[in-house]
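Report on the structure given below.
In the numbering used here, the protein residues as written are 1001 to 1170.
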């Protein structure tokens, strides 16, 4: 990743955290987000806000971090995928309906792009067809399954249980 152009689609909590990590490797960070004016901290950190076509056509690594909403469903389609450079890599930690998974996997399979890593939930036919494809990593939406995230979830759940139990009357 050293000195590569990294493109981030989405600058919410997750996208902003990804940008901070990416800054360790490069200062060439591009971002496409719905409300760039809200992200003055990122602007001050020299993140280049750009349009979706430039993000996909000029960056070496594209990372999609948007949530699944009616607006984002199908957002990443063949129009964007076809703009990617032959040596580019696509990474998604968004829900799979955000992406045209079949066209993306086909692009990797045919060598149109270098590779992809997608953390999501896949229809069986997608996983079965592409699971052996070189340079394609399909994981079952486990990106947030870290020790820290699990500890935070456990603490939150424990607090909810204690709160519920203290309000019970016997």
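Even glycine gets a Cβ: it sits at the ideal position worked out from N, Cα and C.
ask   = Which residues share a DSSP beta bridge with residue 1116?
value = Residue numbering aside, residue 1116 sits at position 116 when the chain shown is read from its first letter. In DSSP, residue 1116 forms a bridge with 1090 and 1136.
key: Extent of the continuous beta strand (DSSP E) to which residue 1006 belongs   = Within the chain shown, numbered from 1, the residue matching residue 1006 stands at position 6. Where residue 1006 is concerned, the enclosing beta strand (DSSP E) stretches over 1006 to 1009.
ask   = Are residue 1033 and residue 1010 touching if we call contact CB-CB under 7 Å?
value = Taking the chain shown and counting its residues from 1, the one referred to as residue 1033 is at position 33. Taking the chain shown and counting its residues from 1, the one referred to as residue 1010 is at position 10. In this structure, the beta-carbon distance from residue 1033 to residue 1010 falls below 7 Å.
key: Contacts around residue 1052, its chain only, beta-carbon distance under 7 Å, and the 5 residues preceding and following it disregarded   = Taking the first residue of the chain shown as position 1, residue 1052 is located at position 52. Within the same chain, residue 1052 has close Cβ partners 1032 and 1080.
key: Exposure label - residue 1139; buried when at least 16 CB within 10 Å   = As a working note, residue 1139 is residue 139 in the chain shown. Per the 10 Å Cβ criterion, exposed.
request  = For the segment 1085 to 1095 and the segment 1104 to 1116, state whether three or more C-beta atom pairs, one from each stretch, are separated by less than 8 Å.
outcome  = Segment contact: the segment 1085 to 1095 against the segment 1104 to 1116, three or more CB-CB distances shorter than 8 Å; contact assigned.
task = Measure the beta-carbon distance from residue 1048 to residue 1076 and round it to whole angstroms, keeping in mind my assumption that it falls under 8 Å.
result = Position 48 of the chain shown, counted from the start, is the residue given in the question as residue 1048. Position 76 of the chain shown, counted from the start, is the residue given in the question as residue 1076. Between residue 1076 and residue 1048 the Cβ distance is about 20 Å, and since that is not below 8 Å, they are no contact.
ask   = What are the partner residues of residue 1049, as DSSP defines its beta bridges?
value = In the chain shown, residue 1049 corresponds to position 49, counting from 1. Note: residue 1049 is bridge-paired with 1031 in the DSSP secondary-structure output.
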